[in-house]
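In terms of the UniProt record's numbering, the sequence shown opens at residue 1 and continues consecutively.
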Amino acid sequence: MAALLLRYAGRHCLRANLSPRLCVRNWSLPMMMSITHRGTGIALSAGVSLFGLAALLLPGNFESHLELVKSLGLGPTLIHTAKFALVFPLMYHTWNGIRHLMWDLGKGLKIPQLYQSGVVVLVLTVLSSVGLAAM
Numbered sequence: 001m002a003a004l005l006l007r008y009a010g011r012h013c014l015r016a017n018l019s020p021r022l023c024v025r026n027w028s029l030p031m032m033m034s035i036t037h038r039g040t041g042i043a044l045s046a047g048v049s050l051f052g053l054a055a056l057l058l059p060g061n062f063e064s065h066l067e068l069v070k071s072l073g074l075g076p077t078l079i080h081t082a083k084f085a086l087v088f089p090l091m092y093h094t095w096n097g098i099r100h101l102m103w104d105l106g107k108g109l110k111i112p113q114l115y116q117s118g119v120v121v122l123v124l125t126v127l128s129s130v131g132l133a134a135m
């Protein structure tokens, strides 16, 4: 009897939703931007922590490490791409954070405004990232 009950409970648990968020089938722009905002926050925190640890533990100073990178003779395309890859998460997190602050003020909470502000954030992110990477 216990085996039958366990088998039924196991099948029922496999069909049951663990959380409403786990069964979302239609991915929307605001949902993807929310997930990406959290991911960039985690990545930026980890990057700052690793940079700080490297500054403490590695011998030499920043200028010596910069000279090492310059001595590698990397092409300008690779350098620009690397700079873009470093600045993109920062710009995305900054612009999307401003969007979240506007939501905290009660502005832009209607569904069409969510999509419009999402597109604005993405455009501003790309433009500011390209501009900063070109410096």
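Virtual Cβ for every residue (Gly too), placed ideally from N, Cα, C. Predicted model only: the values in this text are computed from it and were never measured.
Residue i and residue j look like a contact to me (Cβ under 8 Å); what is the Cβ gap, rounded to whole Å?
i: Pro89; j: Leu44; result: 6 Å
i: Met33; j: Asn96; result: 6 Å
i: Tyr115; j: Thr36; result: So it is not a contact: roughly 15 Å between Cβ atoms.
Check whether the Cβ of residue i sits closer than 7 Å to any heavy atom of the ligand FMN, and report yes or no.
i: Val87; result: Judged by which ligands are present, the structure shown has none, so any question about the ligand FMN falls away.
Helix, strand or coil: which one does DSSP assign to residue i?
i: Leu114; result: helix
i: Gly60; result: coil
i: Leu72; result: coil
i: Leu109; result: coil
i: Ser28; result: coil
i: Met135; result: coil
Applying the criterion that 16 or more other CB atoms from any shown protein chain within 10 Å of the CB defines a buried residue, is residue i buried or exposed?
i: Gly118; result: buried
i: Thr125; result: buried
i: Trp27; result: exposed
i: Asn61; result: exposed
i: Val120; result: exposed
Determine, using beta carbons only, whether residue i comes closer than 8 Å to chain C.
i: Leu57; result: Absent here is chain C; the protein component of the structure consists of one chain.
Which residue marks the beginning of the alpha helix (DSSP H) containing residue i, and which one marks its end?
i: Ala85; result: 76–104
Tell me, please, whether the stretch 93–113 touches the stretch 46–58 by the rule of three or more beta-carbon pairs shorter than 8 Å. no
Three Cβ pairs or more, each shorter than 8 Å: is that satisfied between the stretch 128–135 and the stretch 80–89? yes
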